[in-house]
Amino acid sequence: MICKNCGYDFEGDFCSNCGQSADTKRIDYGYLTSEVSKGIFQVNRGFLYTLKELVIRPGHSIRKFIEGKRKPHYKPLPFLLVTSTIYILWSYLTGTNTVVSDIISGMTGRMTQSEIKENMQRIHWVTKNQTYILLLLLPFFSLASYWAFLKAKYNYFEHLILSFYITGQQMLIYSILASIFFRGYFTQVIPVMLVMVYGVWAYNQFFNKRRFSANLLSILLMHIYMLFLVMTIISIATIIYSALS
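Quick note on numbering: the sequence shown equals residues 292 to 536 in our numbering.
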């Protein structure tokens with residue numbers, strides 16, 4: 292048997308060269324549920340390696356993980372949970388805004404005082420639960436990614452892995468950049484723009500067998516799908532909220 296991680300020819304349940312399990316299956320729902328319980332507390336095992344890979348070659352690194360080279364990597368869902376925790380703690384300790392806080396500030400800046408007062412309870416709820424909202428939106432973002440890159444033949448759960456790694460790294464990048472560019476409105480836009488550029492770069496690298504123009508079009512389509520999904524969720528939530536209030 293050839294090891295998917297290091298390419299070594301071996302026999303048995305584990306590779307005698309790198310230690311990766313011989314039972315390295317394609318990523319699906321069962322993989323996600325089993326790996327989160329195994330890897331969530333192993334921060335020292337592959338975490339720094341994964342951070343480095345996601346800085347210098349994010350798309351290639353994630354693709355290799357999905358294809359079976361998983362031994363050196365920190366698991367995707369635990370990675371997202373750890374990075375989102377760092378993201379919120381860093382924001383709290385340094386007093387810098389999060390992405391959601393900046394978006395809300397931009398929206399309220401265009402509202403009248405009466406509109407702000409009318410929506411204050413909802414604004415407060417979104418601000419308080421922003422991390423949970425971001426995490427809950429990831430399955431929908433992954434669905435949009437799956438639809439947009441349908442011809443790439445990756446399944447939904449593999450797109451979910453892609454979203455976990457990219458979003459987790461984007462949170463760390465934003466935390467660092469927001470601490471530097473925090474003075475004025477225009478400088479606050481810089482971290483958001485750089486995080487978006489990172490996302491485009493990572494996706495283009497992941498789907499490297501296609502032309503950049505084709506990838507860019509699919510990324511745009513992905514965000515249109517995501518906007519449609521979010522608007523649908525908001526509409527349903529508004530109807531339910533109005534019915535209960």
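Beta carbons are placed, not taken as given, at the ideal position from N, Cα and C, and that holds for glycine.
Exposure label - residue i; buried when at least 16 CB within 10 Å
i       : result
Met-513 : buried
Glu-302 : exposed
Val-486 : buried
Arg-317 : exposed
Ile-353 : buried
Phe-519 : exposed
Ala-469 : buried
Leu-339 : exposed
Tyr-494 : buried
Leu-463 : buried
Arg-502 : exposed
Ser-307 : exposed
Where residue i falls: helix, strand or coil (DSSP)
i       : result
Phe-503 : helix
Ser-312 : strand
Gly-337 : coil
Ile-318 : coil
Arg-354 : helix
Residue of the options minimising C-alpha distance to residue i
i       : options                               : result
Ile-357 : Met-292, Val-483 and Leu-323          : Leu-323
Met-517 : Asn-506, Ile-457, Leu-441 and Leu-428 : Leu-428
Asp-304 : Ser-433, Ala-313, Lys-366 and Cys-297 : Ala-313
Asp-319 : Val-491, Arg-348, Gly-337 and Pro-367 : Pro-367
Ser-436 : Pro-349, Gly-321, Phe-498 and Asn-308 : Phe-498
Gly-298 : Arg-502, Thr-341, Gly-359 and Leu-345 : Gly-359
Ser-375 : Tyr-423, Val-480 and Gly-350          : Tyr-423
Tyr-489 : Leu-511, Gln-461, Ile-293 and Ser-382 : Gln-461
Arg-539 : Ile-293, Gln-496 and Trp-438          : No answer is possible for residue 539: it lies beyond the span of the chain, which begins at 292 and ends at 536.
Those residues which DSSP pairs with residue i across a bridge
i       : result
Ile-293 : Asp-300
Phe-305 : Ser-312
Quick one: which unbroken beta strand (DSSP E) runs of 3-plus residues sit fully inside the segment 508-535? Chain order, please. none
Could you tell me which whole beta strand (DSSP E) segments of length 3 or greater appear in the segment 415-498? For the beta strand (DSSP E) assignment, the segment 415-498 encloses no uninterrupted run of at least 3 residues.
Extract the residue ranges of the alpha helix (DSSP H) inside the segment 357-388, only unbroken runs of 4 or more that lie entirely within it. 367-385
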